[in-house]
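2 protein chains.
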Amino acid sequence: MTRRNLSTGAHGALSRERIVEAAIGILDGAGVNGLTFRELASRLETGSGAIYWHVADKQALLAAATDRVLAGAIAAVAKEAEPQDTIRALALGVYDAMAAHRWIGAQLSGNPWQLASLRILEHLGREVQALGIPEHALFNVVTALMNCILGVAAQHAAASLLPRDSKRIDHLTAIAADWAQLDPVDYAFVRTLAAQLPLHDDRVQFLAGVDLVLVGVAHLR
Amino acid sequence: MTRRNLSTGAHGALSRERIVEAAIGILDGAGVNGLTFRELASRLETGSGAIYWHVADKQALLAAATDRVLAGAIAAVAKEAEPQDTIRALALGVYDAMAAHRWIGAQLSGNPWQLASLRILEHLGREVQALGIPEHALFNVVTALMNCILGVAAQHAAASLLPRDSKRIDHLTAIAADWAQLDPVDYAFVRTLAAQLPLHDDRVQFLAGVDLVLVGVAHLR
DNA sequence: ACCTGAACACCGTTCAAGT
DNA sequence: ACCTGAACACCGTTCAAGT
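Chains as they are written, first to last, in our numbering: chain A, 1 to 221; chain B, 1001 to 1221.
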């Protein structure tokens, strides 16, 4: 048996940070189902039990990984002159992080009160406050904006379970084809949407949803 | 070995419908983690493999259970004179179904393109069409409303993982207490929200979010 | 204090064998 | 055609033993 982490090897000692980092690497490459304590241990050249010394369990690991990615994404958002613009920038920052790390959607929408969500909530909240909303509407408005984000998060989560190499357009075309199979009477509207689906731009539509809420907010009294 | 389903016993032969029904019973009583093919088989007095003759896999079973519950909930929604009111009624119908079957939230927000979601989308879409929205905004508006629903779905999903007997208020108080632990500077806004959390009415707030979108819609041009 | 890795408990799914 | 139930593959988590 060779010594592993005890030697001053390439990686140094095990740490929560290194574990989370490695987890993100696996998640990005192989998705949620690819993240296994055995796989993680082998990549870190340690025993699977060692990880439990630094991380409580798999859920905590996923939460930590999500928070790490989103903290970076949010910190990178530039503050704009108008609160509305900062809100848009924040929303897009989260969107882009979810697009780059497709496993985040499921994590975010599955645990809406984890640290990463609070981070988003905090930054949204500050801007909404700056908007000069009446006090009693604050909670509702922030929640509505958060819902826009969780909504796309859910969509990304669904997309993340598809085969990795499937092109986005093929994916949407396949969904549209499924929808076209539905009963023409019972699902008349959905079939209408199906035609628009393959061409639509997720990111643009996401922003349109945020704007819709912002319009509603502007007309609050 | 006694014969089981072959006898004209109390339940009759195995069928997809009976399986889904039993699954819903388990889900309501024991949550997602309680739904096991072994448990399901034992409750149906059959072998675990038998279920696979009627249902493709666990995901399909969960989707079927979700669709069954939501189909009933949506069918029970009365059509109102004004499209806005029907939209509110629809949203509340879904909300109440999620409150009664706490496992549905995760299922819905985790698979936003399953049959149950399309059912919601279809009914929302018809009412939004009746609202007389410009064609190009249709997709965005329906998505925004769907996001409101998925947003609470996510919240319900999170709540469903808690111990079963924990009272709602205790749960919210516990979350509020967690939030109060956060850094006063980094999480100033979230800490503000924490005070309101234990007292707020989820259902009312949910409706307020829907209304916010409807206000935004009314001011589209 | 921190790491090792076998062992435990449990699960979704398959499949050869039955009826 | 439909059901049985043992077997397979895999996983999160624990823990006695090491250093």
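Where a beta carbon is used, it is the ideal one built from N, C-alpha and C, also for glycine.
Bear in mind that the values here come from a model prediction, so they are computed numbers and not experimental data.
Backbone secondary structure at residue i - three-state DSSP
i	result
G1034 (chain B)	helix
G132 (chain A)	coil
Q84 (chain A)	helix
D1096 (chain B)	helix
N111 (chain A)	coil
Y52 (chain A)	helix
L161 (chain A)	coil
G47 (chain A)	coil
G1018 (chain B)	The residue asked about is misnamed: residue 1018 (chain B) is Arg in this sequence, not Gly. Three-state DSSP puts R1018 (chain B) in a helix.
D1201 (chain B)	coil
V213 (chain A)	helix
A78 (chain A)	coil
H1101 (chain B)	coil
A1028 (chain B)	Ala is not the amino acid found at residue 1028 (chain B); the sequence shown has Asp there. It is helical.
A1010 (chain B)	Note that A1010 (chain B) scores a pLDDT of 41, beneath 50, so its modelled location is shaky and nothing firm can be said.
H1219 (chain B)	coil
V141 (chain A)	helix
V1185 (chain B)	coil
H156 (chain A)	helix
Chain A contact for residue i (CB, 9 Å cutoff)
i	result
T1046 (chain B)	no
E1080 (chain B)	no
Y1095 (chain B)	no
V1032 (chain B)	no
G1209 (chain B)	yes
G1151 (chain B)	yes
L1182 (chain B)	yes
V1190 (chain B)	yes
S1042 (chain B)	no
H1054 (chain B)	no
S1015 (chain B)	no
F1037 (chain B)	no
A1063 (chain B)	no
A1075 (chain B)	no
D1170 (chain B)	no
I1019 (chain B)	no
D1067 (chain B)	no
CB contact check: residue i to chain B, cutoff 9 Å
i	result
V142 (chain A)	yes
E122 (chain A)	yes
I175 (chain A)	yes
L112 (chain A)	The displayed chain sequence assigns Pro, not Leu, to residue 112 (chain A). Interface residue, yes.
W179 (chain A)	yes
A218 (chain A)	yes
V213 (chain A)	yes
A89 (chain A)	no
N5 (chain A)	At N5 (chain A) the pLDDT is 43, less than 50, meaning the model places this residue with poor confidence; the figure from the coordinates comes in the next sentence. N5 (chain A) does not count as touching chain B.
H101 (chain A)	no
R126 (chain A)	yes
L193 (chain A)	yes
D201 (chain A)	no
L118 (chain A)	yes
T8 (chain A)	A caution first: T8 (chain A) carries a pLDDT of 32, below 50, which makes its placement in the model unreliable, though a value can still be read off. Chain B contact via Cβ: absent.
M98 (chain A)	no
Q205 (chain A)	yes
Q107 (chain A)	no
Range of the contiguous alpha helix (DSSP H) that encloses residue i
i	result
W179 (chain A)	R168 to A180
V69 (chain A)	K58 to A75
V190 (chain A)	A188 to Q196
Inter-residue CB distance, residue i and residue j (contact presumed, cutoff 8 Å)
i	j	result
S1109 (chain B)	A1154 (chain B)	5 Å
V1069 (chain B)	I1024 (chain B)	7 Å
F1139 (chain B)	H171 (chain A)	Their Cβ separation, rounded to whole angstroms, is 17 Å, which puts F1139 (chain B) and H171 (chain A) out of contact at 8 Å.
I1019 (chain B)	L1035 (chain B)	About 11 Å separates the two Cβ atoms, so there is no contact after all.
G1216 (chain B)	G216 (chain A)	3 Å
H1101 (chain B)	D1028 (chain B)	6 Å
A73 (chain A)	A97 (chain A)	4 Å
R119 (chain A)	D67 (chain A)	7 Å
A1180 (chain B)	A1194 (chain B)	5 Å
Report yes or no: do three or more beta-carbon pairs, one from the segment 1093-1100 of chain B and one from the segment 1031-1049 of chain B, lie closer than 8 Å? No contact exists between the segment 1093-1100 of chain B and the segment 1031-1049 of chain B.
Taking 8 Å as the threshold, find out whether the segment 1125-1145 of chain B comes into contact with the segment 1188-1206 of chain B through three or more Cβ pairs. No, they do not touch.
Give a yes or no on contact between the segment 1138-1147 of chain B and the segment 1209-1220 of chain B, applying the rule of three or more CB pairs nearer than 8 Å. As far as the Cβ criterion goes, the segment 1138-1147 of chain B touches the segment 1209-1220 of chain B, which means the pair count is three or higher.
Is the number of C-beta pairs between the segment 1116-1131 of chain B and the segment 1073-1087 of chain B that are closer than 8 Å three or more? Yes: the two stretches touch, three or more of their Cβ pairs being nearer than 8 Å.
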